[in-house]
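In what follows, a structure is listed as structure tokens, so that the remarks can point back to it.
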Amino acid sequence: NVVMQIKEGTVQLVKCPDVACGEPLLPTDIKPLVKEEEFERYERMSLARVLDQMSDLEWCPRCHAAVIKEDEDAAVNLGRCAACDYCFCLICRAAWHHSEPCAATDDKTLEMLQRAIADIGTPQSKSESDR
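Following the working numbering, the numbering of the sequence shown begins with 73 at its first residue and continues without gaps.
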């Protein structure tokens, strides 16, 4: 059921209801089948899913805006948020350390931080699952 999959947040599973078909439905197919607010949720969740898969994208720890990692900045672990002008460390997500190495570069600390970030999820994904 399309509505149920949207409510559960499994938008990647929205497929043609014809068992013999099983092809993913296009947004233009879904829109007439659901209410406006359900379609808006579908669009938000689809976008968040695509953004989560982008390896050159981070989320600003201050304002939660999307931040594209620039090659020259990533080399020094610098994330620059265009929305709030916050500069942060791409490893520990604290204020950028400038020329100082990040204290989180030892393996145990880095692994702990990565697990904590994965548990939190992206702001869009988390806010969608709370609705």
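Where a beta carbon is used, it is the ideal one built from N, C-alpha and C, also for glycine.
Residues bridged to residue i [DSSP beta-bridge criterion]
i: W131; result: A138
i: A167; result: F160
i: P96; result: K87
i: L150; result: C161
Rounded C-alpha distance that separates residue i from residue j
i: D90; j: A120; result: 27 Å
i: D128; j: V74; result: 31 Å
i: H170; j: A138; result: 21 Å
i: G94; j: C132; result: 38 Å
i: R113; j: L97; result: 15 Å
i: L162; j: D143; result: 12 Å
i: D157; j: D124; result: 22 Å
i: H136; j: P99; result: 26 Å
i: C88; j: D145; result: 43 Å
i: C164; j: M126; result: 19 Å
i: E108; j: V122; result: 21 Å
i: A92; j: R187; result: 40 Å
i: E183; j: R134; result: 22 Å
8 Å CB neighbourhood of residue i in its chain, flanking five on each side removed
i: C159; result: L150, G151, R152, C153, A167, W168
i: V86; result: V74, Q77, I78, P96, L97, I102, Y114
i: V106; result: V74, V75, I78, Y114
Sequence-distant residues of the same chain with beta carbon closer than 6 Å to residue i, five excluded per side
i: A175; result: none
i: F111; result: K103
Spatially closest choice to residue i from the options, by CA coordinates
i: A147; options: A155, P173, V122; result: P173
i: A155; options: C164, I140, R165, D145; result: I140
Exposure of residue i, with buried meaning 16 or more beta-carbon neighbours within 10 Å
i: E130; result: buried
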